[in-house]
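What follows is a single structure, written as structure tokens, with notes after it.
There are 2 protein chains.
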Amino acid sequence: MLDDRKLAVLRAIVEDFVSTNEPVGSKALADRHNLGVSPATIRNDMAVLEEQGYIAQPHTSAGRVPTDKGYRLFVDRLSTIKPLSVAERRAIETFLSGAYDLDDVVGRTVRLLAQLTRQVAVVQYPSLTRSSVRHVELVPVAEGRLLLVLITNTGRVEQRLIETPAGLSEESIGHLRALLNTCLDGLGFGEVPAAVADLPEKVGPDDRPVAAAVLSVLLETLVENHEEKIVFAGAANLAAVDFSQSLREVLVALEEQVVLMRLLGETGDSSTVTVRIGTENPDLGLRSTSVVAADYGVGDLTLARLGVLGPTRMDYPSTMGAVRAVARYVGQILAGS
Amino acid sequence: MLDDRKLAVLRAIVEDFVSTNEPVGSKALADRHNLGVSPATIRNDMAVLEEQGYIAQPHTSAGRVPTDKGYRLFVDRLSTIKPLSVAERRAIETFLSGAYDLDDVVGRTVRLLAQLTRQVAVVQYPSLTRSSVRHVELVPVAEGRLLLVLITNTGRVEQRLIETPAGLSEESIGHLRALLNTCLDGLGFGEVPAAVADLPEKVGPDDRPVAAAVLSVLLETLVENHEEKIVFAGAANLAAVDFSQSLREVLVALEEQVVLMRLLGETGDSSTVTVRIGTENPDLGLRSTSVVAADYGVGDLTLARLGVLGPTRMDYPSTMGAVRAVARYVGQILAGS
DNA sequence: AATTGGCACTCCAGAGTAAGGAGTGCCAGC
DNA sequence: GCTGGCACTCCTTACTCTGGAGTGCCAATT
Numbered sequence: 003m004l005d006d007r008k009l010a011v012l013r014a015i016v017e018d019f020v021s022t023n024e025p026v027g028s029k030a031l032a033d034r035h036n037l038g039v040s041p042a043t044i045r046n047d048m049a050v051l052e053e054q055g056y057i058a059q060p061h062t063s064a065g066r067v068p069t070d071k072g073y074r075l076f077v078d079r080l081s082t083i084k085p086l087s088v089a090e091r092r093a094i095e096t097f098l099s100g101a102y103d104l105d106d107v108v109g110r111t112v113r114l115l116a117q118l119t120r121q122v123a124v125v126q127y128p129s130l131t132r133s134s135v136r137h138v139e140l141v142p143v144a145e146g147r148l149l150l151v152l153i154t155n156t157g158r159v160e161q162r163l164i165e166t167p168a169g170l171s172e173e174s175i176g177h178l179r180a181l182l183n184t185c186l187d188g189l190g191f192g193e194v195p196a197a198v199a200d201l202p203e204k205v206g207p208d209d210r211p212v213a214a215a216v217l218s219v220l221l222e223t224l225v226e227n228h229e230e231k232i233v234f235a236g237a238a239n240l241a242a243v244d245f246s247q248s249l250r251e252v253l254v255a256l257e258e259q260v261v262l263m264r265l266l267g268e269t270g271d272s273s274t275v276t277v278r279i280g281t282e283n284p285d286l287g288l289r290s291t292s293v294v295a296a297d298y299g300v301g302d303l304t305l306a307r308l309g310v311l312g313p314t315r316m317d318y319p320s321t322m323g324a325v326r327a328v329a330r331y332v333g334q335i336l337a338g339s
Numbered sequence: 003m004l005d006d007r008k009l010a011v012l013r014a015i016v017e018d019f020v021s022t023n024e025p026v027g028s029k030a031l032a033d034r035h036n037l038g039v040s041p042a043t044i045r046n047d048m049a050v051l052e053e054q055g056y057i058a059q060p061h062t063s064a065g066r067v068p069t070d071k072g073y074r075l076f077v078d079r080l081s082t083i084k085p086l087s088v089a090e091r092r093a094i095e096t097f098l099s100g101a102y103d104l105d106d107v108v109g110r111t112v113r114l115l116a117q118l119t120r121q122v123a124v125v126q127y128p129s130l131t132r133s134s135v136r137h138v139e140l141v142p143v144a145e146g147r148l149l150l151v152l153i154t155n156t157g158r159v160e161q162r163l164i165e166t167p168a169g170l171s172e173e174s175i176g177h178l179r180a181l182l183n184t185c186l187d188g189l190g191f192g193e194v195p196a197a198v199a200d201l202p203e204k205v206g207p208d209d210r211p212v213a214a215a216v217l218s219v220l221l222e223t224l225v226e227n228h229e230e231k232i233v234f235a236g237a238a239n240l241a242a243v244d245f246s247q248s249l250r251e252v253l254v255a256l257e258e259q260v261v262l263m264r265l266l267g268e269t270g271d272s273s274t275v276t277v278r279i280g281t282e283n284p285d286l287g288l289r290s291t292s293v294v295a296a297d298y299g300v301g302d303l304t305l306a307r308l309g310v311l312g313p314t315r316m317d318y319p320s321t322m323g324a325v326r327a328v329a330r331y332v333g334q335i336l337a338g339s
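Read top to bottom, the protein sequences are chains L and A.
Residue numbering for the first sequence follows the numbering used here, beginning at 3 and increasing consecutively.
Residue numbering for the second sequence follows the numbering used here, beginning at 3 and increasing consecutively.
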């Protein structure tokens with residue numbers, strides 16, 4: 003349907019439009035890229051591309067602009083991921099290796115990615131459902147209140163307050179803590195519910211209510227797992243692009259954890275980097291943005307996702323390169339710690 | 003120098019400009035506020051106010067706009083903090099009391115404040131320097147790496163990775179943990195350095211290097227305290243106001259922890275709510291914004307600050323009311339947990 | 001002495017008009 | 001199937017013009 007030259011024209015249109023942000027016409031194309039044909043021929047090709055929905059004109063007698071469908075074709079068949087330069091790789095490495103805990107790793111990653119791509123970066127914390135228990139701690143913080151602290155193998159630390167019956171002895175707490183740790187150490191979070199089911203029966207009758215309270219909070223934290231932690235950075239980069247009135251919508255979307263989660267999408271179908279373009283996004287406020295995302299993890303184990311959000315009119319090859327590289331380095335850093 | 007009527011005129015100008023965002027003229031003033039005098043008289047007063055630098059005109063033959071100096075006078079002498087409505091108070095209370103840990107309290111607070119004021123809210127985590135140690139935990143996460151987890155009386159949980167010599171026994175770790183806890187429990191963070199100074203001497207010779215490593219990380223975390231944690235929310239509200247090109251600058255400033263810290267300013271000079279107007283701010287990118295901030299804490303103990311950032315042209319009385327109210331409620335919530 | 005109405009003046013905002021130019025679609029010729 | 005030519009469209013920019021809001025000043029009034 004589309005011969006090679008038409009594809010080349012589409013590629014040229016995307017590249018020019020991305021770099022100039024202005025509708026591109028047949029003459030400019032013929033000048034800047036040596037396609038070996040005249041503007042008139044290009045016009046004919048453009049007419050076909052437009053008919054098939056890959057490009058559109060803002061108004062009669064203007065140049066052409068890629069549609070979402072056009073970008074999609076570009077990403078799928080007309081471009082290759084652009085590897086980062088050596089200097090960039092080195093910068094990533096040194097910047098990330100300075101991190102001293104998980105919060106810091108995630109914080110540095112998200113800032114790094116935002117700076118590298120000059121867009122908004124989004125990073126999800128290593129998912130609880132794919133982690134395992136390293137240690138459980140119970141700390142009394144006040145009469146009738148315990149702090150449950152949960153440390154995962156990925157270094158993530160979860161904390162949760164528990165209301166307990168008054169008059170709980172130090173000894174009972176110690177006992178419970180020991181029980182929990184022997185029960186749970188090293189367990190994947192999926193296995194936790196089964197492992198702790200009979201916990202109340204293992205403690206003295208007086209401590210049953212406490213055990214039950216701790217258990218319910220524990221399960222709530224892990225299994226329902228309703229608060230996947232996720233952060234973003236680089237909002238300022240949005241203001242640089244001309245988003246006109248939709249900037250507000252984008253900012254609103256970014257502040258909603260839920261939207262952010264949906265944005266990164268399901269963890270990948272094996273392909274390294276996934277791209278969502280414009281209306282392919284689930285959220286209405288983000289019709290004119292694209293998301294480039296990838297899984298990251300240690301070895302074969304996928305921990306979570308990270309990505310970049312920007313205007314549909316973005317430099318996909320470079321952005322995909324940056325996302326892929328950062329995802330790999332984060333994996334390495336996490337593996338090392 | 004400025005009689006009552008001139009002050010009334012200034013107040014009217016500020017109020018009208020804040021609500022309409024347009025330069026206000028003498029006629030409009032005479033119509034909307036019953037000042038009991040004619041527009042001509044008001045014009046004379048305005049000429050005086052302008053001469054003294056309280057108001058300015060964008061261009062000849064336009065209405066007047068308050069200057070930073072004008073807002074300052076308004077805040078200091080012409081307005082009173084506007085208490086929140088009962089409904090608003092109740093909403094705050096229920097919203098905040100649903101929080102289940104410190105992260106959650108801070109997160110809810112910042113979102114609440116942003117929503118309440120329709121501006122950007124900034125909340126600092128309870129300062130480490132004013133907290134005390136509740137519990138110290140050492141968890142091995144891999145060969146040669148320990149995770150130091152520190153729990154404060156305010157419920158804040160700090161984590162930090164420690165590189166240790168290899169071949170550390172479970173027993174040594176347990177010993178060190180016990181030592182740390184007995185040394186430090188209940189101590190204010192200012193007292194920590196002195197208390198742990200002789201720690202290496204209390205452990206066996208083999209464990210000295212580990213003890214030293216733990217100690218240096220601990221001190222680094224607490225005393226240097228170089229990373230005051232601080233969060234913001236409501237960036238989307240910035241887009242609603244017309245910040246023209248400076249929006250980018252403001253967003254950039256917001257993403258810098260350091261700038262954010264300076265923004266909230268020193269912990270208060272006893273007055274409940276402090277206001278920084280336009281050029282009074284330390285940061286250049288924020289010349290056209292104002293910051294309304296307050297301390298929060300439990301009882302007499304100040305823990306940290308929170309506040310709101312918006313255009314200089316903001317509704318100061320309401321914003322101050324919201325900041326004051328939220329600061330109080332956060333204190334109550336923290337006291338209760 | 002303070003206040004007021006009148007008046008000429010300034011200057012922005014918005015609407016209308018015109019010229020320029022980039023780009024298109026179509027067609028006939030190669 | 002490609003190309004050059006040509007008429008046409010319509011955006012962009014600049015310019016002009018007018019209406020109106022607002023000012024500053026002054027002479028009259030209280």
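Think of the CB as a built atom: it goes at the ideal place given N, C-alpha and C, for glycine as much as any other residue.
Only a predicted model underlies this, so the values are computations on that prediction, with no experimental measurement involved.
8 Å contact criterion, which residue i and residue j should meet: CB distance rounded
i	j	result
V135 of chain L	I335 of chain L	Incorrect: roughly 22 Å between the Cβ atoms, too far for contact.
E251 of chain A	G287 of chain A	4 Å
L253 of chain L	A241 of chain A	6 Å
K8 of chain A	L51 of chain A	6 Å
E257 of chain L	A101 of chain A	Not quite, the Cβ-Cβ distance comes to about 18 Å (not below 8 Å), so this is no contact.
A197 of chain A	A123 of chain A	Between A123 of chain A and A197 of chain A the Cβ distance is about 37 Å, and since that is not below 8 Å, they are no contact.
Y318 of chain L	V77 of chain L	5 Å
Where residue i meets chain L, residues with beta-carbon distance less than 8 Å
i	result
D103 of chain A	L149, Q161, R162 and L163
G340 of chain A	Only positions 3 to 339 of chain A appear in this structure, which leaves residue 340 of chain A out of reach.
A242 of chain A	R250
Residue i burial status per 10 Å Cβ neighbour count (16 or more: buried)
i	result
L137 of chain A	According to the sequence provided, residue 137 of chain A is His. The question's Leu does not apply to it. It is buried - the Cβ of H137 of chain A has at least 16 other Cβ atoms within 10 Å.
E160 of chain L	buried
N23 of chain L	exposed
R79 of chain L	exposed
G323 of chain L	buried
P68 of chain A	buried
H228 of chain L	Note that H228 of chain L has pLDDT 45, beneath the 50 cutoff, so the model's placement of it is unreliable and no number is given.
T274 of chain L	exposed
E222 of chain L	exposed
A116 of chain L	buried
T131 of chain L	exposed
P128 of chain L	buried
Proximity test, residue i beta-carbon vs the ligand MG heavy atom, cut-off 7 Å
i	result
D47 of chain L	In the structure shown, the ligand MG is absent, as is every other ligand, since no ligand is present at all.
Interface residues of chain L facing residue i [CB-CB closer than 9 Å]
i	result
I153 of chain A	E139, V141, V143, L149, V151 and Q161
V124 of chain A	In chain order: nothing, as chain L lies at least about 14 Å away.
Residues near residue i by beta carbon distance below 6 Å, same chain, minus five either side
i	result
T304 of chain A	T269 and D297
V41 of chain A	A small correction: the amino acid at residue 41 of chain A is Pro; Val does not occupy that position in the sequence shown. So the list reads S28, K29 and A32, once near-sequence residues are dropped.
L359 of chain L	This structure gives no information on residue 359 of chain L, because the portion of chain L shown stretches from 3 to 339.
R264 of chain L	P284
T111 of chain L	V125 and V332
Closer than 8 Å at the beta carbon, the chain A residues around residue i
i	result
E95 of chain L	Result: empty, since nearest Cβ-Cβ is about 18 Å, beyond 8 Å.
Contacting residues, own chain, Cβ-Cβ under 7 Å from residue i (five flanking each side not counted)
i	result
G190 of chain A	S134
G267 of chain L	T276, R278 and A295
Y1 of chain L	Any question about residue 1 of chain L goes unanswered here, given that chain L covers just 3 to 339.
L262 of chain L	V124, I232, F234 and L256
G55 of chain A	T69 and K71
Chain L residues whose Cβ lies nearer than 7 Å to that of residue i
i	result
A58 of chain A	None at all; the shortest Cβ gap to chain L is about 27 Å.
A2 of chain A	Absent from the structure is residue 2 of chain A, since the part of chain A shown begins at 3 and ends at 339.
R136 of chain A	V141 and V143
Other residues of its chain near residue i: CB distance less than 8 Å, five sequence neighbours each side excluded
i	result
S178 of chain A	Here the sequence assigns Leu to residue 178 of chain A, which means Ser is not the residue at that position. L140, V205, D209, V212, A213 and V216, listed in sequence order.
L37 of chain L	R7, A10, V11, A14, L31 and I44
Amino acids of chain A, ordered along the chain, whose beta-carbon sits closer than 9 Å to that of residue i
i	result
A235 of chain L	E257
- Task: Counting only runs of 4+ residues fully inside the segment 99-144 of chain L, write out the alpha helix (DSSP H) ranges in chain order.
- Result: Within the segment 99-144 of chain L, the complete alpha helix (DSSP H) segments of 4 residues or longer fall at 104-119, listed in chain order.
- Query: Could you give the uninterrupted runs of the alpha helix (DSSP H) lying entirely in the segment 150-228 of chain L, keeping only those of 4 residues or more?
  - Reply: 172-186, 194-198, 201-204 and 210-221
- Those runs of the beta strand (DSSP E) which lie wholly inside the segment 284-339 of chain A and span at least 3 residues: With a minimum length of 3 residues, the continuous beta strand (DSSP E) runs that stay inside the segment 284-339 of chain A are 291-300 and 303-313.
- Mind listing, in chain order, the continuous alpha helix (DSSP H) runs of no fewer than 4 residues lying wholly within the segment 15-87 of chain A? 28-34, 41-53 and 70-75
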